[in-house]
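Have a look at the structure below, then the notes.
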Amino acid sequence: MIVVEDVHKRYQTDHGPGKWVLQGVSFTIPRNLSVGLIGANGAGKSTLLQIIGGVDHPNKGRVERHCRVSWPMGFGGGLQGSLTGRQNAKFVCRVHGHEDDIPERIAFIQGFAEIGEAFDQPVKTYSSGMKSRLQFGLSLAFDFDVYISDEVTSTGDAAFKSKASAAFKKLADHASMIMVSHSDGTLKQFCSAGIWIHDGKAHWFDQIDDALKAYKSTLPK
Amino acid sequence: MPITHTLSTQAAPQSGGSARAGRSHLEITLAVWKALFLREALGRLFSARASWFWLLAEPVFNVAYMLVIFSVIRVMHVGGIATLVWLMVGMLAFFMFKRTGTQVQNAISANQTLFTYRQVKPVDTLLVRAGLEGLLMIIVASILLVGAALFGYSVVPADPLAVLEAFFGLWLVGLGFGLVTSVLIELVPELGRVLKLVMMPLYILSGVIIPLSAVPQPYRDWLLLNPVAHGLEAARLGFAPYYHAVAELSVAYIYQFALVSIFLGLALHRRFAMRLVTK
Chain A
27 MIVVEDVHKR YQTDHGPGKW VLQGVSFTIP RNLSVGLIGA NGAGKSTLLQ IIGGVDHPNK
87 GRVERHCRVS WPMGFGGGLQ GSLTGRQNAK FVCRVHGHED DIPERIAFIQ GFAEIGEAFD
147 QPVKTYSSGM KSRLQFGLSL AFDFDVYISD EVTSTGDAAF KSKASAAFKK LADHASMIMV
207 SHSDGTLKQF CSAGIWIHDG KAHWFDQIDD ALKAYKSTLP K
Chain B
602 MPITHTLSTQ AAPQSGGSAR AGRSHLEITL AVWKALFLRE ALGRLFSARA SWFWLLAEPV
662 FNVAYMLVIF SVIRVMHVGG IATLVWLMVG MLAFFMFKRT GTQVQNAISA NQTLFTYRQV
722 KPVDTLLVRA GLEGLLMIIV ASILLVGAAL FGYSVVPADP LAVLEAFFGL WLVGLGFGLV
782 TSVLIELVPE LGRVLKLVMM PLYILSGVII PLSAVPQPYR DWLLLNPVAH GLEAARLGFA
842 PYYHAVAELS VAYIYQFALV SIFLGLALHR RFAMRLVTK
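Protein sequence lines, in the order shown, are assigned to chains A and B.
Position one of the first sequence corresponds to residue 27 (our numbering), numbered consecutively onward.
Position one of the second sequence corresponds to residue 602 (our numbering), numbered consecutively onward.
And the structure:
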């Protein structure tokens, strides 16, 4: 269960504090429920994911994580460009305290990512799709209760998307996902509930379709 | 630049959430340090073609061209010890401070992507970098001294503990310098340029290529406010007890300076922890 309580967030700019990105966001995500975050560009979806993932901190309010939450995957974050895919994978294993079974986890990640020889090339030479494959494989190599994905599936090809979705369905009995995506198909494929972020507030919908409808109703026709 | 504006200082919301339940804070930190150390070592030694060679070549070339200049003006001894040994010990001691300082200072920007994993804190990357740089400098210094020994110079320190004390002190000063400046640079980016300008004359002001005992008072006292100058003289004195070091030499000053700057740096990191990971 993840409890988000009255979260306020704004960033520092060069000219003082910026405008509020999130203003009093509160919701509770129950166990085993996958949620999609919907909203316009710049609405604060990624910011919220970062805060839920514990990488960023709210100016006000709090987040309680009563389960194991993954790091936020997305935009090549968490991958060191000068290191190879394998070296990055080892780094993540070590950080998460899995020093003893690195070879098995590396084998899993390599198998899932299916990026061939590029696994031993520096990550900065990767395409965005290859980074997504690696990131997704990395996070699946660990047992999290909640996986956080920021558009990570959007750059993958069809084969990768169906593989990711299948891998996810297998985890569905004990794990869930919080994801940002601009593709309706992806959201419907992975998520059942939805959160629509609008004007710094979060609106909860039990059905992802309703959230999409609410979001689209605000779009200029 | 509104550096006085403060973010909310309440305690970070924290609960559970580690990948493997039941790991203690110490276990997590040690795992992160190990992972970072290996990652930093790879980057430092193998990121570019023969990066490891340049680690060694930089002090060698610095010593070599200064040695050429000193030979041309026929300076065979400085303060009673051979010019090469004087130069080399001073240079290595200076690099111990400078490399540690700059590596630590730049640790945050070099590891920005890794803060995606909430187990990794900015200060971890700094401490690990300092450790790695200290270790590398000991290896570099050993190789250079063995090299000089092959050329027939006497490079066995008369008082090895005093040499280690001086180098360790300089390493601590470098760590403290890096800890403080890394935060200041995040808060006021322009400071990065200023610090680069300051680093250049520091080479001369610390007495790497001029003996500070030759500087008249009151200027010598001013130069000796710089702890690095003390460190260099202390290291040389450890190599040869008959070396004419500056009379005001104080090893205690190096350690006091280091202690204060490390404390200040850690305090700044604690205070601005959030500012460092969020952009």
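Built from N, CA and C at the ideal position, the CB exists for glycine as well.
Since LEU105/A and ILE174/A are thought to touch, with beta carbons under 8 Å apart, how far apart are those beta carbons, to the nearest angstrom?
Contact check for LEU105/A and ILE174/A: beta-carbon distance about 15 Å, past the 8 Å limit, so the pair fails to qualify.
Give the interface partners of GLU143/A over in chain B, defined as CB-CB distance under 7 Å, in chain order.
Correct list: empty, because the minimum Cβ distance to chain B is about 19 Å.
Would you call the stretch 105-118 of chain A and the stretch 55-75 of chain A touching, i.e. three or more CB-CB distances under 8 Å?
These segments do not touch.
Under a CB-based cut-off of 7 Å, is SER207/A close to chain B?
Not closer than 7 Å to any Cβ of chain B, the Cβ of SER207/A fails to qualify, so no.
Residue span of the beta strand (DSSP E) that contains LEU48/A, given as start and end
Taken as a continuous stretch (DSSP letters only), the beta strand (DSSP E) holding LEU48/A covers 42-55.
If you reduce the DSSP assignment to three classes, tell me which class VAL579/B lands in.
Since the displayed chain B opens at 602 and closes at 880, residue 579/B lies outside it and no answer follows.
Interface flag, VAL633/B vs chain A, CB-CB below 7 Å:
It does; some Cβ of chain A falls within 7 Å.
Can you have a look at PHE864/B and say buried or exposed, based on whether 16 or more other CB atoms are within 10 angstroms of its CB?
PHE864/B is classed as exposed because its beta carbon has fewer than 16 other beta carbons within 10 Å across all chains shown.
Helix, strand or coil: how does DSSP classify HIS678/B here?
In the displayed model, HIS678/B falls within a strand according to three-state DSSP.
Under 7 Å Cβ-Cβ, which residues of chain B neighbour GLY98/A?
Note on identity: in this sequence residue 98/A is Pro, with Gly being the wrong assignment. Result: THR717.
Which bits of chain A does VAL721/B rub up against, with CB to CB less than 7 Å?
Chain-order list of chain A residues neighbouring VAL721/B: VAL121, by C-beta distance under 7 Å.
Given a cut-off of 7 Å, decide if MET697/B and VAL664/B are closer than it, judged by their beta-carbon atoms.
Not closer than 7 Å, so no.
Bridge partners - TYR173/A, DSSP secondary structure assignment
DSSP lists MET203/A as the beta-bridge partner residues of TYR173/A.
Once the 5 residues before and after HIS122/A are set aside, which same chain residues still bring their CB inside 7 Å of it?
Within the same chain, HIS122/A has close Cβ partners PHE168.
On the three-state DSSP scale, how would you describe ARG94/A?
ARG94/A: coil per DSSP, three-state reduction.
Taking just the CA atoms, how far does HIS83/A sit from VAL89/A?
Going from the Cα of VAL89/A to the Cα of HIS83/A covers about 9 Å.
Taking 7 Å as the threshold (beta carbon to beta carbon), is GLY62/A in contact with chain B?
Between GLY62/A and chain B, the shortest Cβ-Cβ separation is not below 7 Å.
In this structure, does DSSP put TRP231/A in helix, strand or coil?
Before going on, a small fix: residue 231/A reads as Phe here, not Trp. If DSSP states are grouped into helix, strand and coil, PHE231/A belongs with the strands.
Can you name the residues that DSSP bridges to ILE223/A?
In the DSSP secondary-structure assignment, ILE223/A is bridged to ALA228/A.
Assuming contact is defined by CB atoms lying nearer than 7 Å, are PRO828/B and VAL795/B in contact in what I supplied?
Annotated as distal: PRO828/B and VAL795/B, with beta-carbon spacing of 7 Å or more.
ALA636/B at chain A interface by Cβ criterion, 7 Å
For ALA636/B, the nearest beta carbon of chain A is closer than 7 Å to its own beta carbon.
For the beta strand (DSSP E) containing ILE28/A, list its first residue and its last residue.
Where ILE28/A is concerned, the enclosing beta strand (DSSP E) stretches over 28-39.
7 Å Cβ cut-off: residues of chain B touching PHE117/A
The contact set of PHE117/A on chain B, defined by CB atoms closer than 7 Å, consists of ALA636, ARG640 in chain order.
Which value, in whole angstroms, describes the spacing of the CA atoms of SER625/B and ALA632/B?
The alpha-carbon atoms of SER625/B and ALA632/B are separated by roughly 11 Å.
Does the beta carbon of THR703/B sit closer than 7 Å to a beta carbon anywhere in chain A?
Output row for THR703/B: interface = no.
Segments assigned alpha helix (DSSP H), at least 4 residues, entirely inside the stretch 712-795 of chain B:
As far as the stretch 712-795 of chain B is concerned, its whole alpha helix (DSSP H) runs of at least 4 residues are 723-751, 761-788.
MET205/A and PHE216/A: beta carbons closer than 7 Å?
A distance below 7 Å separates the beta carbons of MET205/A and PHE216/A.
Give the DSSP-derived three-state secondary structure of THR110/A in the structure shown.
It is a strand residue.
Chain A partners of VAL878/B, CB-CB under 9 Å?
Here the neighbours are VAL81, ASP82, HIS83.
Less than 7 Å separating the beta-carbons of GLY832/B and ILE805/B?
Contact flag unset, no.
Would you decide whether TYR241/A is buried or exposed? Buried here means 16 or more other CB atoms lie within 10 Å of its CB.
The residue in question, TYR241/A, is buried, as its Cβ has 16 or more Cβ neighbours within 10 Å.
Whole angstroms are fine: how far does the CA of GLU177/A sit from the CA of GLY50/A?
About 24 Å.
Proximity test, Cβ basis, 7 Å: SER648/B and chain A:
With 7 Å as the cut-off, SER648/B counts as an interface residue toward chain A.
For the stretch 787-853 of chain B, which segments carrying the beta strand (DSSP E) assignment without a break, of at least 3 residues, lie completely within its bounds, in sequence order?
Runs found: none.
Determine whether the beta carbon atoms of LEU824/B and TYR754/B lie at a separation below 7 Å.
Pairing LEU824/B with TYR754/B gives a Cβ-Cβ distance that is not under 7 Å.
To the nearest angstrom, how far is it from the Cα of LYS227/A to the Cα of LEU48/A?
Taking the straight line joining both Cα atoms gives about 6 Å.
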